[in-house]
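Counted from 1, the sequence shown has number 97 at position 96 by our numbering; the numbering is strictly sequential.
Below you'll find the structure, written out as structure tokens, and then a few comments.
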Amino acid sequence: MPPSPKRPRAAAAAACPAILLLLLCLGWARGHSRGAAGLPPNATTPISIMGLMPLSQLEEDQKSKIGRGVLPAVQLAMDQIRNESLLNPYSLDLRLYDTECDNAEGLKAFYDAIKYGPNHLMVFGGVCATVTSIIAESLKGWNLVQLSFAATTPELADKKKYPYFFRTVPSDNAVNPAILKLLKYYQWKRVGTLTQDVQRFSEVRNDLTGVLYGEDIEISDTESFSNDPCTNVKKLKGNDVRIILGQFDEQMAAKVFCCAYDEEMYGSKYQWIIPGWYESSWWESWINSSQCLSKNLLTAMEGYIGVDFEPLSSKVIKTISGRTPQQYEKEYNDKRGDGQSSKFHGYAYDGIWVIAKTLQRAMKYLNTTNKHQKIEDFNYTNHKLGKIFLDAMNETNFFGVTGQVVFRNGERMGTIKFTQFQDRKEVKVGEYNAVADTLEIINNTIRFQGLEPPKDKTIIQEQLRKISLPLYSILSALTILGMIMASAFLFFNIKNRNQKLIKMSSPYMNNLIILGGMLSYASIFLFGLDGSFVSEKTFETLCTVRTWILTVGYTTAFGAMFAKTWRVHAIFKNVKMKKKIIKDQKLMVIVGGMLLIDLCILICWQVVDPLRRTVEKYNMEPDPAGRDISIRPILEHCENTHMTIWLGIVYAYKGLLMLFGCFLAWETRNVSIPALNDSKYIGMSVYNVGIMCIIGAAVSFLTRDQPNVQFCIVALVIIFCSTITLCLVFVPKLITLRTNPDAATQNRRFQFTQNQKKEDSKTSTSVTSVNQASTSRLEGLQSENHRLRMKITELDKDLEEVTMQLQDTPEKTTYIKQNHYQDLNDILSIRNFTDSKDGEKAVLKNHLDQNPQAQWSTTEPSRTSKDPIEDINSPEHIQRRLSLQLPILHHAYLPSIGGVDASCASPCVSPSASPRHRHVPPSFRVMVSGL
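Below, the structure is given as structure tokens:
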């Protein structure tokens, strides 16, 4: 910017003494020396200090406002130093040069000061980063030490490039240790950065990355933008960044918060940390450029935290000047009047004191080491004095109005303040002391929009989808009732094992059916135990145990049931079988073989590809309680690598077992002995179990993400199948045994097919005899035999009566022939009784009907000859024959129907006295073997 004419500046100086001083300095900067600013009239040896800063009067020049705002503070410091005679017999002579924040003008002012001005011992100033960096880089060649009060660019921290540069204001990078301390204070370990593509902000971001590195704080996303930040803001949200560290100017800040409002990245879940050096009410100037409503912008801004250096210390402690920071601030405001204020005035004030103390230490050093050399002997080629000034400034350490003034590698270790935007104004909420590395949060000042500080990320709380305890309790209670029922059936089976009904149904097989049902019931308890009840290791063990128990229980129950049915099938369907005994031991072997197949499959499964605990994670869900967390449901499963193959093998084997049972039930459907034939109930069991298993497996697969529903279905299927199977097997027996115990064992009829009946009639010698069938048929024959023996006893009485009549009265032969004709026929036709129970036709009657005269001739003695042959039919001979033949016939035919032996003295003797009593008619000839 071209310099203003001299006369207008003089006219403006009439309004304010400070402006007059400024104009005099400007005149010197153009090569026309106007004298030293603030030169005391009694100072004999002035010490010149080069002052470089923008001093333009244009209101739109923000950098010039800084220069004009710090002049009152500089004047105060120089007056206090002069009054204290700190540098006696020297006095500071600050000569100001306008750099106009332009590189060319700044360099020209610097070189004019060197060429035309006195020897300047130091350079004070440097506001604009570009001008300051150019001048600072050349200081080493002039042996000049520069002290800046407003240049915050991080680039100037490079001591290799700028070894003679110092600054009383903290660098922009100085906020990074403070940010680190704040992150640790609130335990934020995951952040994201949003940076404007400007060197100043990029350098701060790079330094922040180095500060956070190794501090267990993750930078999860780093975004930078040039003009439109909305895309980058959206990416931050997509990466679940909750704590955003921003580096951008005021104009871009308005755009950023407008995008944040659109993306709903504000409120209790988010925390923005941005630079705090923005002007007061900065958003009002840039609201139009953000394309966002003012209320929306303020809503998104609410709660952001600004980080900046502290302009003045808040501690009420006397500084090096003998004044507290608060007293100094009052003096400064009085000094500037209505003039421009600058937040750097405190650093400029402390900077003048730093220069004075540095020269004081240099003077002391020269006095102790070389009494012949003085500080006024300095020139731009005097490297020794320049090095003394450099070392003396590095030793600076005092408490100033901006806090403790101390340098570390030329960088000010100052105080960083934290402000928070609350209700359209910024409120100081804490400060960080870089010297002590401490953070102080002012009580009850920082306000978060939630009940607690925001989380650094979406807190994902893994929540196990577990089985409801009430549901588990209810199903467990039903299971216990089922086991009690099974125990009752077991007690009933054992207690009545010698009853004909139970004995014929094979009580040992019944016990196995009950055992299988109880094992199936027991598996329900294991299916309901998940990670909420047991540890991960125990759950993995339960995966295997419950599979084994359910598999073995199923095979035991249905294997025993099908083995019983196979025995009935073997008896009644294969009529050509020779005498063969099928005992329970053989059925046990059959069931054991089925279990052996199960064990082989299960052992191979366990060895080759065992079941493991796997965890399935589902999509995140909001917290039902409204907390700032997300719920990620997880579900435990028992799985392995080739789960489908192993399940296919097990299902195939069980399916074949069910088909085999269905086949046996169908083949034995016509066997009508209730104690033996369970085909109807087996069919019902297989049907119910099959349908329920298919439905249960399908629904269980579809509801695998709902453990309560899945467990409920599996448990109900097992309970239903086990209960219905046990009830179908035992309830009919229980009812029959209580109501009519003999009805189940009576051989009312054997319903075979027509072909089987023909085959039975042709093959009388090949009948199979086994335990249950033989016992049933034997019981039926014995009952029938008992009835016949009672009838024989009655007929014996009639025979005895006839015999006695024949013996007493020969003339009663005609009476015998007429009245006892039918009785004789009954006696002689007993052998054929079983062939026709209803219409008995006596052989003797048929024979007499055909030859009545030959058998019962009662020819008168007068009509017969005296030949002995003619007397054979006389009443005497007939009486004699009957008295001998009738007993013989009686005892000869009784054995054929289970009667007494021919040698038995009495017809009432038990038929078991002779082996011949087991002989039965051909149509009932059965070989019997006991259980």
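In this text, a Cβ means the ideal position worked out from N, Cα and C, and glycines have one as well.
Report back the beta-carbon spacing between residue i and residue j to the nearest angstrom; my notes put them in contact at under 8 Å.
i           : j           : result
residue 195 : residue 224 : 5 Å
residue 416 : residue 435 : 7 Å
residue 205 : residue 222 : About 17 Å separates the two Cβ atoms, so there is no contact after all.
residue 230 : residue 253 : 7 Å
residue 405 : residue 448 : The pair is not a contact, with the Cβ atoms about 30 Å apart (cut-off 8 Å).
residue 69  : residue 347 : The Cβ separation is near 16 Å, so there is no contact.
residue 1   : residue 131 : This structure cannot settle anything about residue 1, because the visible part of the chain is limited to 2 through 932.
residue 250 : residue 227 : Not really, about 12 Å apart at Cβ, beyond 8 Å.
residue 666 : residue 566 : 6 Å
residue 487 : residue 522 : 7 Å
residue 246 : residue 216 : So it is not a contact: roughly 14 Å between Cβ atoms.
Thinking C-beta only, is residue j closer than 8 Å to residue i?
i           : j           : result
residue 724 : residue 690 : no
residue 933 : residue 390 : Nothing in the structure corresponds to residue 933, since the chain is present only between 2 and 932.
residue 432 : residue 419 : yes
residue 146 : residue 165 : yes
residue 110 : residue 72  : no
residue 49  : residue 119 : yes
residue 529 : residue 540 : no
residue 156 : residue 134 : yes
residue 633 : residue 619 : yes
residue 720 : residue 552 : no
residue 527 : residue 547 : yes
residue 176 : residue 75  : no
residue 357 : residue 87  : yes
residue 728 : residue 693 : no
residue 409 : residue 168 : no
residue 701 : residue 461 : no
residue 268 : residue 450 : yes
residue 402 : residue 314 : yes
residue 491 : residue 512 : yes
How is the alpha helix (DSSP H) around residue i delimited, first residue to last?
i           : result
residue 470 : 470–496
residue 460 : Taken as a continuous stretch (DSSP letters only), residue 460 belongs to no alpha helix (DSSP H), being part of the beta strand (DSSP E) at 460–465.
residue 652 : 644–668
residue 711 : 708–740
residue 136 : 130–138
residue 176 : 176–186
residue 394 : 384–395
residue 436 : Element bounds for residue 436: n/a, residue is neither H nor E.
residue 1   : Shown here, the chain extends from 2 to 932; a query on residue 1 therefore has no answer.
For the beta strand (DSSP E) that residue i lies in, which residues bound it at each end?
i           : result
residue 276 : 272–276
residue 637 : 630–640
residue 611 : Unbroken run through residue 611: none, as it is neither H nor E.
residue 54  : 46–54
residue 506 : That residue, residue 506, is in no beta strand (DSSP E); it is neither H nor E in DSSP.
residue 149 : 146–149
residue 197 : 191–197
residue 126 : 121–126
residue 398 : 398–401
residue 407 : 404–409
Spell out whether any CB of chain B is found under 8 Å from the CB atom of residue i.
i           : result
residue 259 : The structure shown has no chain B; it contains just one protein chain.
Query raised in the report: Can you find at least 3 beta carbon pairs, one from the segment 141–158 and one from the segment 119–127, that sit closer than 8 Å?
Result: A contact exists between the segment 141–158 and the segment 119–127.
Report task. Run through the segment 66–115 for me and flag every whole beta strand (DSSP E) of 3 or more residues, listed as ranges in chain order. Result -> Listed in chain order, the complete beta strand (DSSP E) runs (minimum 3 residues) inside the segment 66–115 are 91–99.
Query raised in the report: Taking three-plus beta-carbon pairs below 8 Å as touching, is the segment 643–661 in contact with the segment 594–605?
Result: Because the criterion of three Cβ pairs below 8 Å is met, the segment 643–661 and the segment 594–605 touch.
Report task. At 4 residues or longer, and completely inside the segment 338–374: list those alpha helix (DSSP H) runs for me, N to C. Result -> Within the segment 338–374, the runs of alpha helix (DSSP H) that reach at least 4 residues and sit entirely inside it are, in chain order, 346–370.
**Report entry** Three CB pairs or more closer than 8 Å across the segment 253–269 and the segment 208–219
**Finding:** Counting Cβ pairs under 8 Å, fewer than three are found: no touch.
Query raised in the report: Taking the runs of the beta strand (DSSP E) that are 3 residues or longer, which of them lie wholly in the segment 223–278?
Result: As far as the segment 223–278 is concerned, its whole beta strand (DSSP E) runs of at least 3 residues are 244–248, 272–276.
Requested in this report: Decide yes or no for the touch test of the segment 435–451 against the segment 348–366: beta carbon pairs closer than 8 Å, at least 3 of them.
Outcome: With the cut-off at 8 Å, the segment 435–451 and the segment 348–366 do not touch.
Query raised in the report: Any chance the segment 378–390 sits against the segment 188–202, with 3 or more Cβ pairs inside 8 Å?
Result: Contact fails between the segment 378–390 and the segment 188–202, because fewer than three Cβ pairs, one in each stretch, are under 8 Å apart.
Query - Any beta strand (DSSP E) of 3 or more consecutive residues that is wholly inside the segment 272–328 - result: Within the segment 272–328, complete beta strand (DSSP E) segments of at least 3 residues are found at 272–276, 306–310, given in chain order.
Query raised in the report: Are three or more beta carbon pairs between the segment 497–510 and the segment 468–488 nearer than 8 Å?
Result: The answer is no - the segment 468–488 does not touch the segment 497–510, with fewer than three Cβ pairs under 8 Å.
Query raised in the report: Do the segment 452–471 and the segment 704–714 meet, that is, are 3 or more Cβ pairs less than 8 Å apart?
Result: Result yes; three or more Cβ-Cβ pairs closer than 8 Å.
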